[in-house]
Each structure stands twice: as C-alpha cells, then as structure tokens.
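Residue numbers (my numbering): -6 to 72.
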C-alpha cells in the first residue's frame, strides 16, 4: 500500500513599511486582496475586508509589530 506524504511550505510574504496602522492597513489590503490568498467572491469579500477586517485588525497588528520591532527594523524580526 502506498502512503501519501504531506508537506508544508512556509514563506515570508513581506512586511508592512512601518509599525503604524496606516502602513499595516496598506500591507493587509494588498495581501488580502490577492485571489491566491483569499479565494472567495469579491462581492462578499470586499465589504468584509474594507468594512470590518482592515479597520479592526490594522491598529491591533500595528501595535503588535511595534512591540516586536525593538529598533531593529520590521523585517529583522520576521514579523
């Protein structure tokens, strides 16, 4: 009997330009607008993304990123 092997690929898809809500919002908008990342109806996704996800997550993620940056730059920590 043949066993199927499963692998997981982790990749860094970039970081926000700065640990600010505006920079995080731009990054998340670009990332979450990619059809390869979110494969669902644009008619449903765009209002959810722009009306709920970006306004709520951007400040929270910016705060988390600013805590982890520690003066070394955002990408230095792999955030």
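Don't be surprised by glycine CBs; every beta carbon is placed ideally from N, CA and C.
Counted within 10 angstroms of its Cβ, other Cβ atoms place residue i as buried (16 or more) or exposed
| i | result |
| --- | --- |
| residue 8 | buried |
| residue 28 | exposed |
| residue -4 | exposed |
| residue 95 | As shown, the chain starts at -6 and ends at 72. That puts residue 95 outside it, with no answer to give. |
| residue 45 | exposed |
| residue 69 | Only weak support exists for where residue 69 lies, its pLDDT of 47 falling under 50; the coordinates are left without a value. |
Whole-angstrom distance between residue j and residue i, CA atom to CA atom
| i | j | result |
| --- | --- | --- |
| residue 55 | residue -2 | 38 Å |
| residue 35 | residue 59 | 31 Å |
| residue 49 | residue 11 | 18 Å |
| residue 33 | residue 18 | 20 Å |
| residue -6 | residue 1 | 23 Å |
| residue 13 | residue 57 | 10 Å |
CB contact flag (residue i, residue j, <8 Å)
| i | j | result |
| --- | --- | --- |
| residue 31 | residue 39 | no |
| residue 6 | residue 47 | no |
| residue 3 | residue 25 | no |
(message) So within the stretch 5 to 37, which uninterrupted alpha helix (DSSP H) runs reach at least 4 residues, ignoring any that extend past its ends?
(response) Taken in chain order, the complete alpha helix (DSSP H) segments of 4 or more residues contained in the stretch 5 to 37 are 14 to 25.
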